[in-house]
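Take 399 as the starting number for the first sequence in this note's numbering and just add one per residue.
Even for Gly, the Cβ is constructed at its ideal location relative to N, Cα and C.
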Amino acid sequence: MNWTDERVEKLKKLWAEGLSASQIAAQLGGVSRNAVIGKVHRLCLPGRAKAGGTNTAARTPKRNTSAPRAPNFASRITTRTVTRQQGATMLKEEIEIEIETIEEMEYVPRGNVVVPISRRLGLTELTERTCKWPVGDPLKDDFHFCGCESPDNSPYCSYHQKLAYQPVNERRRAAARAS
DNA sequence: CCCTGATTCGC
DNA sequence: GCGAATCAGG
């Protein structure tokens, strides 16, 4: 693909709008994000300040122009893989529709509001049909299990089953994502 | 891992 | 002049 005046104009425009190089490359079509970035440089367009996106200005590697390339092999491998996957991903890029899931429900396992009609069974009293939801501090002697009737093969009664499997969802993802 | 922009340098 | 390969950082 040639950098026709029109394409260059579009590049300038999109870049000015703050689109990322990969997004611009997708819009223009036929070029990689690297091509876009390279062009941006040649045009001397303002790079992305250290603002929102990702820019680490004041970066001057300048290897010895005389020394042959001796990059880090380990990182090279990972870099390559990433690059290829990017290409495949970019072809799919289209429109993003954010569906905000407003979760107001905050599950709170109130340790006080104990539970239903706990049988206060000890570990030995448990059977296949008794709820095995632990109640209390395992290190204290008042520790016991719910002991209520539990459906078919479930290890918990209907009440505790909900508590056991409910809240584990969207909320977790956000948390896991952070780390 | 995925993504960003920045640089270098063979073509 | 181009842009893939790399690098560096989030």
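Handout entry: N-terminal and C-terminal residue of the alpha helix (DSSP H) that GLU407 is part of
Key = Here residue 407 corresponds to residue number 9 of the first sequence, with the count starting at 1. Taken as a continuous stretch (DSSP letters only), the alpha helix (DSSP H) holding GLU407 covers 403–414.
Problem - Proximal residues to ILE422 (C-beta, below 7 Å), its chain only, five neighbours per side dropped - result: By 1-based counting over the first sequence, the position of residue 422 is 24. Sequence-distant Cβ neighbours of ILE422 in its own chain, meaning closer than 7 Å and more than five residues away, are LEU409, LEU412, TRP413, VAL434.
Problem - Candidates LYS530, ASP550, LEU443, GLY534: closest to LEU558 by CA position - result: Here residue 558 refers to the residue found at position 160 when the first sequence is read from its first residue. Reading off the sequence shown, one finds His at residue 558, where the question assumed Leu. The residue with the shortest Cα to Cα distance from HIS558 is LYS530.
Handout entry: Secondary structure of VAL429, DSSP reduced to three states
Key = For the purposes of this step, residue 429 is identified with residue 31 of the first sequence, where counting begins at 1. Here VAL429 carries a coil assignment [DSSP, helix/strand/coil].
Exercise for the section: Taking LEU443 as part of the alpha helix (DSSP H), name the residues at either end of that continuous run. Expected result: Position 45 of the first sequence, counted from the first residue, corresponds to residue 443. For LEU443, no alpha helix (DSSP H) run applies, since DSSP gives it neither H nor E.
Practice task
In the DSSP assignment, find the alpha helix (DSSP H) that holds LYS530 and state where it starts and stops.
Solution key: Against the first sequence, residue 530 aligns to sequence position 132. Note, LYS530: premise wrong, no alpha helix (DSSP H); not H, not E.
Practice task
Alpha carbon to alpha carbon, how far is PRO532 from LYS538? Give it in angstroms, no decimals.
Solution key: As a first step, residue 538 must be located in the first sequence, where it is residue number 140. As a first step, residue 532 must be located in the first sequence, where it is residue number 134. Cα atoms of LYS538 and PRO532: separation of roughly 12 Å, rounded to the nearest angstrom.
Exercise for the section: List the endpoints of the continuous alpha helix (DSSP H) containing SER556. Expected result: Counting from one through the first sequence, the residue named residue 556 turns up at place 158. Per DSSP, SER556 is one residue of the alpha helix (DSSP H) stretching across 556–563.
Handout entry: Between the CA atoms of LEU417 and MET399 - distance to the nearest angstrom
Key = Numbered from its first residue, the first sequence carries residue 399 at position 1. Numbered from its first residue, the first sequence carries residue 417 at position 19. If I take the Cα positions, the gap works out to 20 Å.
Exercise for the section: Leaving out five residues on either side along the sequence, give the residues of the same chain with a beta carbon under 6 Å from the beta carbon of ARG431. Expected result: Working through the first sequence from its first residue, we reach residue 431 at position 33. Closer than 6 Å at Cβ, skipping near neighbours: ALA419, SER420, ALA423.
Exercise for the section: Find the nearest neighbour of CYS555 within the set LYS437, GLU526, PHE541, judged by alpha-carbon distance. Expected result: The sequence position of residue 555 within the first sequence is 157, counting from 1. Sorting LYS437, GLU526, PHE541 by C-alpha distance to the C-alpha of CYS555 places GLU526 at the top.
Exercise for the section: Decide if GLY426 is buried, meaning its Cβ has at least 16 other Cβ atoms within 10 Å, or exposed. Expected result: The residue you call residue 426 lines up with position 28 of the first sequence. Looking at the sequence shown, residue 426 is not Gly but Leu. Counting Cβ neighbours within 10 Å, LEU426 comes out buried, since at least 16 surround it.
Exercise for the section: Would you mind sorting HIS542 into buried or exposed? The rule is 16 or more other CB atoms within 10 Å of its CB. Expected result: What you label residue 542 is simply residue 144 of the first sequence in a count that begins at 1. Buried is the call here.
Exercise for the section: Compute the Euclidean distance between the alpha carbons of ASP535 and CYS544, then round it to the nearest angstrom. Expected result: Position 137 of the first sequence, counted from the start, is the residue given in the question as residue 535. Position 146 of the first sequence, counted from the start, is the residue given in the question as residue 544. So the two alpha carbons sit approximately 13 Å from each other.
Problem - Contact belief for GLN552 with THR528 at Cβ below 8 Å, rounded distance in angstroms - result: Numbered from its first residue, the first sequence carries residue 552 at position 154. Numbered from its first residue, the first sequence carries residue 528 at position 130. The question names Gln, but residue 552 in the sequence shown is Ser. SER552 to THR528, Cβ: 11 Å. No contact.
Problem - Reduced DSSP category for SER548 - H, G, I as helix; E, B as strand; rest coil - result: Along the first sequence, one-based indexing puts residue 548 at 150. In the structure shown, SER548 adopts coil according to DSSP, grouped into three states.
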